[in-house]
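Residue numbers (full-length UniProt numbering), protein chains in the order written: chain F, 1 to 353; chain P, 1 to 353. For each residue, glycine too, the CB sits at the ideal point set by N, CA and C. Small disclaimer: the values here were computed from a predicted structure and weren't measured.
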């Protein structure tokens with residue numbers, strides 16, 4: 001049920017039956033306010049998506065709006081998969097990172113880590129993130145944080161995050177065109193290209209590494225790259241639960257390491273995503289991972305909605321939505337806990353009933 | 001260095017060298033706004049005390065004001081002791097419970113558990129707490145929470161909390177007059193008695209257990225009693241780091257158990273306080289604990305400022321301040337980690353230099 005994309009299968013085998021903390025990095029970038037750039041949420045209220053995703057994963061309900069996030073065509077957030085797995089094989093803990101939310105999630109009693117951040121700017125106008133300080137915040141957090149579990153599963157919800165990820169990878173010099181996923185089956189390439197071109201037009205030859213990141217990145221990418229650098233020495237396994245955005249986190253870290261020559265050992269880190277990302281012909285996760293200077297373990301969960309007759313879930317199998325809110329990593333965790341495709345499918349269907 | 005007040009010494013011996021999570025329950029009650037009721041903070045800004053205590057323990061600095069909380073005569077908050085211990089023998093984690101703060105603490109990256117609470121009302125006008133819901137919130141949190149450490153040390157910062165604790169104990173029928181501590185060496189009994197009489201005048205014969213609690217209690221007392229009930233079955237040791245307020249938490253729980261006949265095993269729970277509370281002739285911690293229907297382990301840290309020549313610290317030894325922000329429990333934890341009185345004294349003195 002768990003397939004290897006790159007690296008070794010023993011890393012993930014060792015996590016069988018082990019308990020996990022699910023940490024969810026939540027952030028808003030004003031890039032998502034550009035009309036048509038993302039379908040990760042309700043038009044006009046897309047800024048609420050990470051807030052609602054956090055609430056739904058933690059509590060099974062949304063408190064800051066009356067309905068779960070879905071695309072304009074009604075496809076529900078992949079948070080349903082993460083929540084379904086949590087109900088069937090509960091995480092030891094769920095913790096949230098507020099990396100600049102417009103509206104903080106209402107999740108009574110859950111551990112929320114705040115970093116004093118507001119939403120970042122739109123990359124078509126220069127996101128104006130102080131990337132050095134943010135990266136160091138991530139690193140300091142990684143140096144100080146230990147999960148209460150055998151390993152950490154780290155997911156994200158950042159609307160328009162694939163656009164900021166693509167811009168970031170390109171700005172850092174990676175040949176990443178056509179390699180980034182999208183919440184759309186057929187990504188709106190004209191809007192996305194206009195935004196990308198505008199974003200890249202703000203870059204100058206004199207920009208430092210952090211200047212570049214601060215113009216075209218988002219808080220999740222920069223903070224998480226710093227976090228991995230700070231946390232990797234602690235030795236507990238970290239599974240990045242996501243697709244091309246999490247690959248971009250690794251690319252950011254990789255670029256930082258090239259620039260500083262700091263030592264880094266990725267052997268305690270892996271990436272886990274969905275089959276929908278793995279099989280997406282419009283993106284190339286494996287290609288992104290192969291650009292790294294260090295070897296990385298990466299896996300996907302061999303899960304689809306073939307067992308479901310629900311028309312909205314069938315759209316996942318047609319390439320809509322694909323990943324987010326740690327869905328792929330949660331499915332991998334679920335399989336490691338002995339869950340089966342049928343029970344996960346039924347649990348997700350129950351949310352839509 | 002650790003002395004037994006009630007119960008067995010083997011409980012605390014078993015915690016030697018074990019790592020701990022320090023959790024701090026922070027709350028405001030409008031009772032503290034009554035002039036002269038407490039000296040736990042700067043007059044006119046006493047509502048900031050728990051916020052600043054949380055910030056100082058976590059970060060060593062205060063962000064919501066320019067100075068640490070102190071009494072009008074300049075005695076610094078007992079948070080200095082908790083912080084000194086954390087610097088010398090770091091806790092595995094510090095987590096904050098926001099149980100209704102006027103101003104949330106600015107503690108980037110720390111785990112904060114929010115419960116959607118505002119400060120509670122003043123008990124002289126009926127605190128109007130929905131005590132049943134709050135108790136159940138505490139219980140649910142206890143059932144779901146596991147520390148990432150061998151044991152949990154649970155402290156509090158609630159200005160005027162000894163007044164609400166005394167009112168609560170009396171309202172629940174305990175013969176608790178003269179048994180509760182105060183942040184003053186010579187408690188302002190006339191103000192306190194006026195407030196107590198007013199508070200108790202709101203009680204009616206028809207009041208249920210929760211009606212009573214909701215009129216004269218505070219959020220920390222009620223939530224923590226529920227928390228202990230939910231958490232005690234998990235089996236990890238819980239050390240209530242505090243004096244008579246934490247004793248009142250146990251009295252609240254004890255009254256609940258009388259009322260419901262629910263089973264409860266206190267063998268995983270203890271209380272740890274300061275020598276200043278233990279030796280206080282104006283209160284009687286041991287007497288409060290002996291009112292419980294279950295046996296409880298209780299200890300104090302044999303620590304004073306005899307090694308210091310600092311005039312403000314000498315006031316602790318004269319009975320000012322005495323306890324709070326988990327100071328006594330932190331000192332006990334420090335001794336269990338092998339710290340000595342001299343190094344703790346020096347660290348506290350360094351904050352005042």
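According to DSSP, residues forming a beta bridge with residue i
| i | result |
| --- | --- |
| residue 300/P | 3/P, 273/P |
| residue 151/F | 20/F |
| residue 111/F | 95/F, 113/P |
| residue 29/P | 120/P |
| residue 240/P | 154/P, 271/P |
| residue 76/F | 70/F |
Residue of the options minimising C-alpha distance to residue i
| i | options | result |
| --- | --- | --- |
| residue 121/F | 78/F, 34/F, 180/F | 34/F |
| residue 90/F | 30/F, 48/F, 22/F, 129/F | 22/F |
| residue 115/P | 109/F, 114/F, 117/F, 113/F | 109/F |
| residue 19/P | 334/P, 298/P, 344/P | 334/P |
| residue 141/P | 141/F, 93/F, 51/F | 93/F |
| residue 302/F | 343/F, 148/F, 273/F, 219/F | 273/F |
| residue 211/P | 143/P, 279/P, 129/P, 162/P | 129/P |
| residue 149/F | 43/F, 15/F, 213/F, 199/F | 15/F |
| residue 282/F | 311/F, 261/F, 320/F | 320/F |
| residue 268/P | 298/P, 79/P, 80/P, 1/P | 298/P |
| residue 29/P | 80/P, 102/P, 79/P | 102/P |
Test item: CB-CB of residue i and residue j under 8 Å
| i | j | result |
| --- | --- | --- |
| residue 196/F | residue 251/F | no |
| residue 255/P | residue 138/P | no |
| residue 151/F | residue 69/F | no |
| residue 242/P | residue 329/P | yes |
| residue 405/P | residue 217/P | Because chain P spans 1 through 353 in this model, residue 405/P falls outside it and cannot be assessed. |
| residue 249/F | residue 270/F | no |
| residue 332/F | residue 155/F | no |
| residue 160/P | residue 54/P | no |
| residue 363/P | residue 322/P | There is simply no residue 363/P to check, as chain P begins at 1 and stops at 353 in what is shown. |
| residue 287/P | residue 192/P | no |
| residue 17/F | residue 337/F | yes |
| residue 86/P | residue 57/P | yes |
| residue 203/F | residue 176/F | no |
| residue 99/P | residue 112/P | no |
| residue 300/P | residue 3/P | yes |
| residue 296/F | residue 6/F | yes |
| residue 259/F | residue 209/F | yes |
| residue 327/P | residue 289/P | no |
| residue 88/P | residue 275/P | no |
| residue 127/F | residue 215/F | yes |
| residue 43/P | residue 27/P | no |
| residue 65/F | residue 81/F | no |
| residue 77/P | residue 123/P | no |
Residue environment, residue i, which counts as buried when at least 16 other CB atoms sit within 10 Å
| i | result |
| --- | --- |
| residue 10/F | exposed |
| residue 67/P | exposed |
| residue 105/F | buried |
| residue 189/P | exposed |
| residue 294/F | exposed |
| residue 83/P | buried |
| residue 353/F | exposed |
| residue 350/F | exposed |
| residue 265/P | exposed |
| residue 133/P | exposed |
| residue 118/P | exposed |
| residue 13/P | exposed |
| residue 145/P | buried |
| residue 73/P | exposed |
| residue 31/F | buried |
| residue 306/P | exposed |
Minimum Cβ-Cβ distance from residue i to chain C less than 8 Å
| i | result |
| --- | --- |
| residue 266/P | Among the protein chains in the structure shown, which are F and P, there is no chain C. |
Residue i CB to nearest heavy atom of the ligand FAD below 7 Å
| i | result |
| --- | --- |
| residue 262/P | Among the components modelled here there is no ligand, and therefore nothing to report on the ligand FAD. |
Quiz item: If contact means a Cβ-Cβ distance below 7 Å, which residues of the stretch 211-244 of chain F contact chain P?
Solution: none
Exercise. Determine which residues of the stretch 143-160 of chain P have a Cβ less than 9 Å from any Cβ of chain F, and write them out in chain order.
Key: 144, 145, 146, 147, 148, 149
Self-check item: Interface positions of the stretch 54-71 of chain F facing chain P (Cβ-Cβ less than 7 Å), listed along the chain
Solution: none
Quiz item: What residues in the stretch 103-124 of chain P bring their beta carbon closer than 8 Å to a beta carbon of chain F?
Solution: Taking 8 Å as the cut-off between beta carbons, the residues of the stretch 103-124 of chain P near chain F are 106, 107, 108, 109, 110, 111, 112, 113, 114, 115, 116, in sequence order.
Exercise. Pull out every residue of the stretch 69-97 of chain P whose Cβ sits closer than 8 Å to any Cβ of chain F, in chain order.
Key: 92, 93, 95
Self-check item: Near-chain F residues of the stretch 299-315 of chain P (beta-carbon distance less than 7 Å), N- to C-terminal order
Solution: none
Quiz prompt | the stretch 12-25 of chain P: positions lying closer than 9 Å to chain F by Cβ | solution = Residues are counted here when their Cβ sits less than 9 Å from a Cβ of chain F; for the stretch 12-25 of chain P these are 21, given in chain order.
Practice problem: Compile a chain-ordered list of the residues in the stretch 26-51 of chain F whose CB is closer than 9 Å to at least one CB of chain P. | Solution: Within the stretch 26-51 of chain F, no residue has a Cβ that lies closer than 9 Å to any Cβ of chain P.
Quiz item: Quick one, which residues of the stretch 130-142 of chain P are near chain F if we go by CB-CB under 8 Å, in chain order?
Solution: Under the 8 Å Cβ criterion, the stretch 130-142 of chain P contributes 137, 140, 141.
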